[in-house]
Every structure is written in structure tokens, then in C-alpha cells.
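Engineer:
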Amino acid sequence: MADNPIQITKAKSATDIATIVGLIGGFGLVVSAIFSGGSPKSFINIPSVMIVFGGTFFITMMCFSLQEMLRTLKTIMKTVSYSSRDPSEAAIQVLQIAELARRQGVLSLQTLLKELESEPLLHKGMSMVVDGTPGEEVEVVLKKDMMSTIQRHQKSASVLKKAAEFAPAMGLIGTLIGLVQMLGNLSDPSTIGPSMAVALLTTFYGAVLANMVFSPMAAKLERNSGAEAMVNGIYVMGAASVGRQENPRRLEMLLNSVLSPAKRIQYFD
Amino acid sequence: MADNPIQITKAKSATDIATIVGLIGGFGLVVSAIFSGGSPKSFINIPSVMIVFGGTFFITMMCFSLQEMLRTLKTIMKTVSYSSRDPSEAAIQVLQIAELARRQGVLSLQTLLKELESEPLLHKGMSMVVDGTPGEEVEVVLKKDMMSTIQRHQKSASVLKKAAEFAPAMGLIGTLIGLVQMLGNLSDPSTIGPSMAVALLTTFYGAVLANMVFSPMAAKLERNSGAEAMVNGIYVMGAASVGRQENPRRLEMLLNSVLSPAKRIQYFD
Amino acid sequence: MADNPIQITKAKSATDIATIVGLIGGFGLVVSAIFSGGSPKSFINIPSVMIVFGGTFFITMMCFSLQEMLRTLKTIMKTVSYSSRDPSEAAIQVLQIAELARRQGVLSLQTLLKELESEPLLHKGMSMVVDGTPGEEVEVVLKKDMMSTIQRHQKSASVLKKAAEFAPAMGLIGTLIGLVQMLGNLSDPSTIGPSMAVALLTTFYGAVLANMVFSPMAAKLERNSGAEAMVNGIYVMGAASVGRQENPRRLEMLLNSVLSPAKRIQYFD
Amino acid sequence: MADNPIQITKAKSATDIATIVGLIGGFGLVVSAIFSGGSPKSFINIPSVMIVFGGTFFITMMCFSLQEMLRTLKTIMKTVSYSSRDPSEAAIQVLQIAELARRQGVLSLQTLLKELESEPLLHKGMSMVVDGTPGEEVEVVLKKDMMSTIQRHQKSASVLKKAAEFAPAMGLIGTLIGLVQMLGNLSDPSTIGPSMAVALLTTFYGAVLANMVFSPMAAKLERNSGAEAMVNGIYVMGAASVGRQENPRRLEMLLNSVLSPAKRIQYFD
Amino acid sequence: MADNPIQITKAKSATDIATIVGLIGGFGLVVSAIFSGGSPKSFINIPSVMIVFGGTFFITMMCFSLQEMLRTLKTIMKTVSYSSRDPSEAAIQVLQIAELARRQGVLSLQTLLKELESEPLLHKGMSMVVDGTPGEEVEVVLKKDMMSTIQRHQKSASVLKKAAEFAPAMGLIGTLIGLVQMLGNLSDPSTIGPSMAVALLTTFYGAVLANMVFSPMAAKLERNSGAEAMVNGIYVMGAASVGRQENPRRLEMLLNSVLSPAKRIQYFD
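Chains as they are written, first to last, in the working numbering: chain B, 1 to 269; chain D, 1001 to 1269; chain W, 2001 to 2269; chain F, 3001 to 3269; chain H, 4001 to 4269.
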């Protein structure tokens, strides 16, 4: 392959169906369990919905700012239709660029820059290399960039984690309100059951919100951030290697050190 | 823009309405849930208020000193009417100063120092640069300064976190007192309900205090501290760069590495 | 032994019976406790099974991707029939190679490479040494490789940890659904007991799944990962030492520093 | 001030009333809540006291040694009558010494050594400087000293934290004993209430011990340790600076970097 | 003392009675509370014992291997009859050796090596010094050795911690089994109490096992590991100092930096 004219492959986009399937499957099971009990209506109570959903929203807003919550929402949307490059593909692309630079000189990368715009970090690194920035400097700047990206993702995940923390707390507060109201008014024993049921609803809502929405979403964000960081790490290695004008074979060996066995590449015979 | 006479922009001040809106919204929902139950009076019990609010106050005081608790209160007040510079603005201001220093020499910054007094860290850094301190030394001193600021913020947040830990504990203690009193006196069954209701009130107060006041406040303090650290980090990078007499274009590249994509600046053409 | 012609010993494979014995023993005790109560049927409830097992599966899938869950399953299978080299054996093998390289030159290792293929990291390191890579470089590349392996293991363990976190949560959600249904329908007191029993089943399933399957499996994965990292650490030390053409006696001393007292080797006289 | 003959100010001693006031206030509220219920006697049960107080004592002793528990007790006593130097005062004292060393030579500090004996770390550092130890060495030794002090404090705090962990556990064990005894003997319904009340007492004792005594004490120890470390950090900076014969103005700048804005000093004009 | 002929003092062995006294005291209180209730038999239930003790054993075995559990048991035995050198004694011994090496040359330590065999790390370090290994190398190897020892101790502690985690979980599982069996069979109300009592027994066993056996044992192991690491750290400092042929007075100063004030030594006038 190393003898063909170099051609940069495109990143494939993949919809992350795991999030959607998991969400639908999980809620489907809960809803069917509710319906199988006969009276689905008893699981809907507007004041309980208000105190758990609204309360969690307002308290999470206290912790952050509205802007950060909207940004998290946007990140969640991106999570559903996630497109992450395959690490192997990224590694091969980086090796193609490194080989081109080795054969035709670093300036020949100029023509590639436009094609790389879909991968901002790689584009930035290669632009720096073309501008003659030394490899060490390229590595320092790209790593800083990568770190700030990871920190931004962690911030979005931390909004969801806080929400996952406050939802059961609001559920508990709602249940305590219901219990105090019920206990202060025990004259008619026939109302105890339904009152208790309503009081428990907020705990139920809180548990569902936290464990079936916020926690998994936060975990997914962190996972996607890790996957992106892996690909970006490959780009940083590649740009630094080209900037240092190293042998692409050494780069291949380094890349294979971070790739999982199943993803390892063999670019040079 | 780089050709205009240099003019330092002022930091915009912004009230952080998220804290107030969140607080009012959250408490509004809880209070309306209480009123919708008909007997809001049953949610007020002076001894319960005393043991949870007073107890949390006294135990938190045991952990710290009165002085630290007052300082935390002051920090909370500052949190409500928070004014943090936008990172982009801070970056542009730093670049303006760097360009001025590049064109007219470091001593020309002397005249700017007064204007920078609203941003203590930037002022300190630039004063050091004007005094001829080398860039490395400027960076070391400013980073130490930044670290101590972050530590002070964490201390204030830790006061709130301790309070958030002790409030539910005092609620539990109050509820246990109520339960023991009630159980020792079961002769009249009609009093069981109301006694239980009163016993649960301290748990309710504790949960509300911890989850709707102390925890979100602590999270907000940490978030604001992070935002301030970001802006201060930009000032440190700028002052160190000017102190090392580097090319402002390199500074711009470094600053863009830490700014989020939406906040990135393009100061030089 | 140091005077014999060098012969590379093979790694012994050992089935890890602890996992199987523990699993069977634990479940045996639980099942016998259930049977001793007379009515084992009351412990099986299909909707409860669905909501806990299915729910945990779907929510864990939301956090990761189907591919990662399958990979974790494969890793679990490997855990049951685990074959890890004994650290002492690995150390002796490394010393044998180091002595061979010392006596007959690094190139003589060429003939050994094929035999080492069952130990990928050692093979990679020795190939690099034969290719003339300097010892420092060998160490850097192998350590990167080792770190990525550890990270991959931690990812598999984190899938199991998330499942161990969500299983009791789904159990709680199922129990809350059961309680709300029961409390809304208290007319016939004779049904309260059985309804409560069914409601508690999901909590029971969640506790069993989390504490008797997912948590111990995650701990086992981490333990095996640590054992493998220990052996790999020995390979890295060996390859780096051979690459630096150090005295094998120094290598023996270093290896003994990381081996536990009972596993220490005395290869030279 | 810099022109006056140098005079070393003494550290002011301050009793830490926050601990005592907090302790008395917290217990006062709990006791008054108990008395307001009418039957304070029902809150005292000797076997319950034995199992929680004694049990916590014995189990904590299992974790440590009697010697360490006594040392922790001594440290707690010191916490109540705590005397920590004000960081500003410490900084000024250090600057006074630095200026003296600058003007009259390092050997002139010989006469000061006796006065510094109340501050062991400063004394040690200045003795080393007078003995001609280079600044880097002074810094290394003092930092090691400071670290070991912090570790010792953390050990004392960890004794209290363990106690705070075991007290509620012993409370739970006591309550379970009470419940099992009560449930096995339900023939006379009139005894159920009082038996439950007694059973709950151990939970109550455990919660009070952990949250109103051990936890706040541990937090206070850590806070005092932090305050002492701050002052010691100033001494280390000072001794190292004098040892390196640096300009005291640079020392002032460094000290102000770690002091909080309100505590900053302006020693030179 | 520095003028006497050098004589190496022996380490004193001390039985750690705190563990035994704590264990007996704690269990004594629990047992006496049980007997004071009149019917100690109701606290013994063989199936409950099986599910908690057996279940915890099997699940912990799943996490580790039988070999590791046996090693932990051995370590626990050692904990009971623990003999740790006093740090002061260790420091004095190290200074004696350092002085001997200073006066009569490093080779004179040869004769001491046999006596040092009871302290493996000191023996290893001094052997290396006698063999002419440079001080830096001695420090690196000994620190690696010390780190692996600490890691092995942490592994044993982690076995106990896992057991402390699983014991209450098995208790909960047992209680849920008991509750489900009881609730499915409510026809005879007189059996409810005793059935509940039996169901709670597993929770009781789990709480006792975790909080009165496994947790304190794990804490003790960690504490002993820390004490041993302190003494070993003194040996490392000593061996490195002798290997670097430094002045023993400098070593004394360094040793005093890590010793607690009460343990500080004054070996040289």
C-alpha cells in the first residue's frame, strides 16, 4: 500500500444506536411493568412531576448557569448521533500523511490541509507543521488543546452527574412532604394507601430520572470523550512525529502501542 | 484591528441570575407542594427548626472557625452577583497588551498599569514585567498566586460541603429523638400520626437545607472558581509571554488552545 | 543453572477455579436457603426478572456500546479459564534471554523470537532489541503498550461496575412500582403480603446480580489485570535491560525488587 | 518600618472558642429537644451506652494501637486551646529576619536563634542557615519535616474518622439486637413501643457520637493542620530565601503570592 | 555515645495486644447485650450463618484466588503478634552503621551483614553498598523494593475490604429471602414476629462481620504497613547515605525530619 499514490481516506460517520436502543428498551420495560399492574394512571401525578423534574432542573441551574445547561443538552444531542473516527483509520491516515511528508517534503502537506478540516486537531497540527513549527512545540500546543477539550467534556458530564445526584434528593423531599401531610391527617384509614402511593411517586420519579436518564448519559459522555481523546492522541503523535521529521516506521510502532490488539495496523509491509 | 491604536476594553459585569432563579424556582415548587396539601402550618415546628438549623450551624462551627464561616457567607454573597470576565475578552485584552509591548517596548505598559487594577493578577504580572522580572519568574509567582486563590475558594466550598453533610445528620438525630419520644408514649393511638409527622419534619428540613441550599451553593462556588481560574490562566500566559518577549502570534495560538471552540479569537488578521 | 545451554521454559496454563467455585458456592447457598423455606416458586416472577435483568442490560448499553459489552463478556470468559504466567517463571525466562544476549550477542536472540510469540509484549520488546532499538526507546514503547492494555482492562471492569451500580437501582425502581400498585389497591388485606413479596423480589434480584455477579467479576478482572501487569512489568524491565546491554546480575537484582519474597529467584550462583 | 532597628514580634496565642461554643451549642439544642419531650430518662439506657461507646472504643482500638488513641486524645485537647500564628505576622517576622541577614550578614542571626525556639521549624531552618547549609538543602530538609508533621496530623484525624465510621455501625448493631429480641417476644403488644424506643437509642447514640463529636473533631484537626502548614510554608520560604541570600523584596513578593488578599503585607515602603 | 565501640542494638519484639483486646472487648459487649435480653438462642440460626459467612467467603473468593485469601489469613495472624521496630531505634542503628562506615571504610560493614539479616531491607541495602553499588542505585533499588512491599500489603488489605463490603450485602440478601418467605405466608399472624427476627439475623451477622472483624482488620493491616514503611524509609535513607559516603551528621538531620518530635534522636553530641 505504501507504494500507491497517497489518498486520504474519509472518516466514516456512525449513529450510536446503543443510546437510543438502551433508552427505549429500559423505559419500555418500566412502562410495561406499570401497565401490567392495571392502573397506569396512578403513576402520573402532576405535583409530583413538578417537584422532581422542576426541582432537579432549578437546583442544577443553581450549580451552573443556564448557558452551561443548554450546552450540555447540545452535547447530549451530539451523543445520540455520534460519529467518531475508528482509531485504526485515524492511525492509517496519520501514517499516510507522515509518508507523504517524508517523500515529498513537509510543504507538500499544504495541499492536504483543506481536506483535513473535518478533523480540527489534525488540521491545526499539520498547519503548524507546514508553518515550520518544531515538533516539540506542536506537541505542547496540541496536548494543551486536547486537555481543554477533555475538560469541557467533563464539565458537561458533571452537569448530568449533579442532576443525577439531585433527582433522588428531590424525590425524597417530595415523599417527605407527602408523608407529613398524610400522617397529620390519619382520620380516614381508607386514604392512607393512596396517599402513601402518591408520596412514593416522587421517589420513583427521582430514581428513574437519575438511574435511567442522567447517570447513563453522563457515563456515555465520558466514554465518548475517551474515544475522541484516543483519536486525538493519535493525531498529536502523528503531527509531532511529522514535525520532528521522524521515520514513519517509528510512528507506526508508537501508534500500535496505543491501539488495542484488534485495531493494530500494518501499514509498512 | 491590529493596526488601530491600542485601546484596552473593560470587563463587562454580569449578575448571575441562575443562582437566584434556581433558588426561587426550587423553593417555589416545594412551598406550592406544601400549600397544595392544605395545612402548611404542619410544616413549621420551632424545635425542629432549632435542632436542624442551629445544630448544623454549631457543628459546622466546630469544624472551622467563626471567621471562616463569615468569609464563606461573604463569598456566597459575591456568588449571587457574580461578575466574571469572558475568557475571549480576557484573551483579546492580553493580546492587545502583548502587541503594545512588542511595538513600543515593555516600558510603555507603565501607563496601562492603573487601568488594569480591576484585574489584580494581570496587574501584578504586568507590574513585574515592567520592573524587568524575567518571564519564567513572572510565571512562577503568578501560578503560585493563582493556586492560593483556588485553595481559598476550595476552603469556602468545603465549609458548605460540611454543612451539606451535617444538615441531614441533624435531621436524622431530630427524627430519632421524636421517634423515641413517640414510641415511649403509645397509649393514645390518635397521637401517633401527628407525632410521626413532627418527627419526620427534621429529616425534611435537613434534606431541604443540604440539597437545595448548601450543596448547590458549594457546586456554584467551585464552578465560579474554575471560571476565574480560566481567566487567570489566560492572564498568566499573557504576562509570561510578554515577560519572555515572545511573538504575540505565538501567544494567540497558545490562548486558542485553552479557549473553547466557540470562544476562540482571531486577533491577527 | 547459568552454565547449561539456554532453554526457554514455557508458561504453564492454569484454570482459575476460584471464580467458578465461588460462583457455584455462593449461588448454592442462596438457592438452598430459598428451598429450605418451602416455596421456591415464590422467588420467580417473570416481570420482575424482566425489569431487573433487562433494565440493567439496557441501561448499561446506554452507557457504552453493544460492542464494548460483548468485549466485556469475552473478557469474563477469559477470566474463568485464566492462564497467567508465574512472575518467577517470567523473571527466569527474562534472565535466560539476558544471559544469552550477554554471551552470544543481541543478534542471537533472533532465533528465539518465534518461541516468544505466546508472550506478545516480550516478543515485541525483543524484536525491537534485535532490530537495534536503544534500550530507552524500547522501555518507552513497551510501557506505552502496557499502559494501553491496563486501560483496556479497566474499561471492561468499568462496564461491570456500572452494571453493579444499575442492578440495585433497577431493583429499587421495580419495588417502587410494586409498592405504588399495591398501595393504590388496599381493599383486600389478604393480598398485601403476597404483593409486598413480589415487590421485594426486584430488590432481591438487584442485590444478587450486583453483589454476587457483577461486583466480584469486576474485582476479578482488575486483579487479573494487575497480575498480568506484574508479568508485563518484568518483561519491560528485561527487554530494556537487554537493550541497554546491562549486566544480567543487575537485572536479577531489579527483578527481585518487584517480586514478592516467596517468589524471589536466585538465577546466578 | 524597614529602617527601624529590627525587633522580632511574638506570636499571639488564641483560644479556639469555635470548638467549645459549637460543641456546647449543638449538645444544648439536642438536650433541650429531649427535655421538651417530657421524659429525658427514656433517653438514657446503660446497655445501649455500653454497646455504642464501648464498642466504638474497642473497634477503633483494633484498628490502631492504644498509644495512637491516646496521642489523638492529646491532639484533641490541643485543638481546643489552639494557638496558631497569624500568617501575616509570620510573614513579617520572616521578612525581619531576612532583612537582618541581608544587612548584617547571616551570622548575625545567631543571636536570634533562642527567641525562635517557640517556632520549631523556623528555628531549625535558621540554625541550618547559620551553620552555612545552602538554601536548596535547607528547603529540602524543612519540606520533609513539614510533610511528616502533616502526615502525623492526618493519622490523628484518621483515628477520629474511623471512630466516626464505627459509631453508627455499633448503633445499627445495637438496634438490630434490640429488634430481634423484641420481635421474638411479641406476646404483649403494650411492650412493643418501649422496646422499639430502646432499640432505636443505640442508633441515636451512634448518630450523635459520629456527627456531633468525631466528625467535627476530625475536620477541625485537618483544618488546624492546614493552618499550621500555611505558617510553616512561610517559614520554609523564608529560611530557603535567607539561605540562598536572595533579595528580601523578592521574598516579600513570594510570600504575598501565598497569603490571602486580606492578609497581604507591605513590609518595604 | 559516638566514641564507644560500635554495637548494633537488636529490634525489640512486641505483641500487639490492641487487636486482641479490641476484638474481645467488642464481642464481649455484643454478647453481653444479647444475653441480657434473656434468649441468646434466638440469635443463632444455622441457615443464616451459612448464607452470610459462607456467602461472603465464596464471593470474596470469586474476586481473588484461594491462594490470596490464605495469604491474607497469614498476614492477619502476623498482625496479632506484630513486632515492628521502633523508628528511633532503627534510626540509631542506621547512624551507628553510617559512623562505622565513615571511620573504618565501607568494607568494614561486611562483618555486620549477618547481624542485619533480621531486617531484610537494611541487609539488602548494606550488601549493595559493600559490593560497591553507588548510592543513587542503592536508593532506586531499595525504593522499588519498599513500594512492592507496600503494594503487597495493600492487596491483603483489599481482600479484607472486599469481604467487609460483601458481608452486609449477603446479610441484605438473606434478609430479603426471609422477608419474601414470610410475606408469602401471612396466614398465621403469630409467626410474623419470629420470622422477622430470623430475617433480620442475617443483616445482624453481616453488620457484625463487616464492622467488627473485616473493617478493623483491614485498617490494622494498613496501619502496620505504614509503620513498617516508616522504618523501611529510614533504612533506605541510611543505606543511600552510606552508599554516597555522606557525613553521618547530615543523615541524622534527615532522619530527624521524618521522625515525630517525641521520637527524635540526638546521636552526635
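Backbone N, C-alpha and C define an ideal beta-carbon position, used for all residues, glycine too.
Verify the contact flag: B:Met77, CB atom, against every heavy atom of the ligand ZN, threshold strictly below 8 Å.
Structural biologist: Among the ligands in the structure shown, none appear at all, so the ligand ZN cannot be discussed.
Engineer: Scan the stretch 2024-2055 of chain W and note each continuous beta strand (DSSP E) run of 3 residues or more that stays entirely inside, going in chain order.
Structural biologist: Here no run is fully enclosed.
Engineer: What separation, rounded to the nearest whole angstrom, lies between the Cα atoms of W:Pro2261 and W:Lys2078?
Structural biologist: Each residue's Cα considered, the two are about 29 Å apart.
Engineer: Using 10 angstroms around the beta-carbon of D:Ser1190, count the other beta-carbons present and answer buried if the total reaches 16, otherwise exposed.
Structural biologist: D:Ser1190 comes out exposed.
Engineer: Who are the neighbours of F:Gly3184 on chain H, taking C-beta pairs under 8 Å?
Structural biologist: Per Cβ cutoff of 8 Å: Ser4039, Ser4042, Gly4193, Pro4194 and Ala4197.
Engineer: Going by CA-CA distance only, name the one from B:Pro194, B:Asp145 and B:Ala210 that's closest to B:Leu172.
Structural biologist: When only C-alpha atoms are compared, the closest one is B:Ala210.
Engineer: Let me make sure I understand the geometry here. Which of D:Val1129, D:Gly1022 and D:Ile1017 has the alpha-carbon closest to that of B:Phe166?
Structural biologist: Among D:Val1129, D:Gly1022 and D:Ile1017, the Cα nearest to that of B:Phe166 is on D:Gly1022.
Engineer: Excluding the 5 residues preceding and the 5 following W:Thr2072 in the sequence, name in chain order all residues of the same chain whose CB lies nearer than 6 Å to its CB.
Structural biologist: The residues are Ser2156 and Val2159.
Engineer: Answer with yes or no whether the minimum CB distance from W:Arg2085 to chain B is below 9 Å.
Structural biologist: By this cut-off, W:Arg2085 is not an interface position.
Engineer: I'd like to know whether the C-beta of H:Val4258 is nearer than 9 Å to at least one C-beta of chain F.
Structural biologist: It does: the Cβ of H:Val4258 has a partner Cβ on chain F nearer than 9 Å.
Engineer: Spatial neighbours of W:Phe2214 within its chain, please: C-beta separation below 8 Å, excluding the five flanking residues on both sides.
Structural biologist: Same-chain partners within the cutoff: Leu2160, Lys2161, Ala2163, Ala2164 and Ala2167.
Engineer: Mind checking which residues open and close the alpha helix (DSSP H) that includes B:Asp145?
Structural biologist: Gly135 to Leu183 is the span of the alpha helix (DSSP H), which, as asked, contains B:Asp145.
Engineer: The alpha helix (DSSP H) that contains F:Ile3192, what's its start and end?
Structural biologist: Here the alpha helix (DSSP H) through F:Ile3192 covers Ile3192 to Val3208.
Engineer: Taking the alpha helix (DSSP H) that D:Arg1250 falls in, what are its first and last residues?
Structural biologist: D:Arg1250 -> alpha helix (DSSP H) spans Pro1248 to Val1258.
Engineer: Given B:Phe43, which residues of its chain have a CB within under 6 Å of its CB, disregarding the five upstream and five downstream residues?
Structural biologist: Contacts found: Ile34.
Engineer: Is there a C-beta anywhere in chain W that falls below 9 Å from the one on B:Pro216?
Structural biologist: B:Pro216 counts as touching chain W.
Engineer: When the Cα atoms are used, what is the spatial distance from H:Gly4206 to B:Pro216?
Structural biologist: H:Gly4206 and B:Pro216: Cα-Cα distance of roughly 31 Å.
Engineer: Measure the CB-CB distance between D:Ala1229 and D:Glu1139 and report whether it falls below 9 Å.
Structural biologist: Not closer than 9 Å, so no.
Engineer: Straight-line CA distance for F:Pro3047 to F:Thr3060?
Structural biologist: So the two alpha carbons sit approximately 19 Å from each other.
Engineer: Using a Cβ-Cβ cutoff of less than 7 Å, which residues in the same chain neighbour W:Glu2231 once the five nearest sequence positions on both sides are dropped?
Structural biologist: Note on residue identity: the sequence assigns Val, not Glu, to residue 2231 of chain W. Same-chain partners within the cutoff: Ser2084, Arg2085, Pro2087 and Ala2090.
Engineer: Using alpha carbons as the reference points, say which of D:Ala1227, D:Val1242 and D:Gly1193 lies closest to D:Leu1107.
Structural biologist: Closest option to D:Leu1107, Cα to Cα, is D:Val1242.
Engineer: Buried or exposed for D:Ile1020, going by 16 or more other Cβ atoms inside 10 Å?
Structural biologist: With fewer than 16 Cβ atoms within 10 Å of its Cβ, D:Ile1020 is classed as exposed.
Engineer: Taking the continuous alpha helix (DSSP H) assigned at D:Arg1244, which residues delimit it?
Structural biologist: No alpha helix (DSSP H) contains D:Arg1244, which DSSP labels as neither H nor E.
Engineer: Please list, in chain order, the residues of the stretch 4132-4158 of chain H that have any C-beta partner in chain W closer than 7 Å.
Structural biologist: Correct list: Val4141, Lys4144, Asp4145, Ser4148 and Arg4152.
Engineer: Mind pulling the chain H residues with CB within less than 7 Å of W:Arg2244?
Structural biologist: Going along chain H, no residue has its Cβ under 7 Å from W:Arg2244, so there is no contact; the nearest lies around 14 Å.
Engineer: Mind listing the chain A neighbours of B:Phe204? Cutoff is C-beta to C-beta under 8 Å, in chain order.
Structural biologist: Judged by its chain identifiers, the structure shown contains no chain A, and its protein chains are B, D, W, F and H.
Engineer: Taking DSSP as the reference, what is the three-state secondary structure of H:Ser4127?
Structural biologist: The answer is helix: DSSP assigns H:Ser4127 an H, G or I state.
Engineer: Using a Cβ-Cβ cutoff of 7 Å, what residues of the stretch 4220-4233 of chain H are near chain F? List them in chain order.
Structural biologist: Answer set for the stretch 4220-4233 of chain H: Lys4220 and Arg4223.
Engineer: Could you check whether the Cβ of W:Asp2016 sits closer than 9 Å to any Cβ belonging to chain H?
Structural biologist: So, interface residue.
Engineer: Please report whether the beta-carbon of W:Ser2065 lies at a distance below 9 Å from any beta-carbon of chain B.
Structural biologist: Judged by the 9 Å Cβ criterion, W:Ser2065 is in contact with chain B.
Engineer: Going by Cα to Cα distance, which pick from H:Gly4055, H:Met4062 and H:Lys4041 is closest to W:Arg2223?
Structural biologist: Minimum Cα distance to W:Arg2223 is reached at H:Met4062.
Engineer: With a cut-off of 8 Å on the beta carbons, I'd call F:Ile2997 and F:Leu3255 a contact; round off their distance for me.
Structural biologist: Because chain F is modelled from 3001 through 3269, residue 2997 of chain F falls outside the range shown and cannot be assessed.
Engineer: Is it the case that the Cβ atoms of F:Gly3193 and D:Gly1184 are separated by a distance below 9 Å?
Structural biologist: Yes.
Engineer: Compare the C-beta of B:Met50 with all C-beta atoms of chain D and state if any pair is closer than 9 Å.
Structural biologist: Yes, contact with chain D.
Engineer: Closer than 7 Å by beta-carbon distance: list the chain D residues that pair up with F:Val3021, in chain order.
Structural biologist: Those within 7 Å of F:Val3021 in chain D are Met1061.
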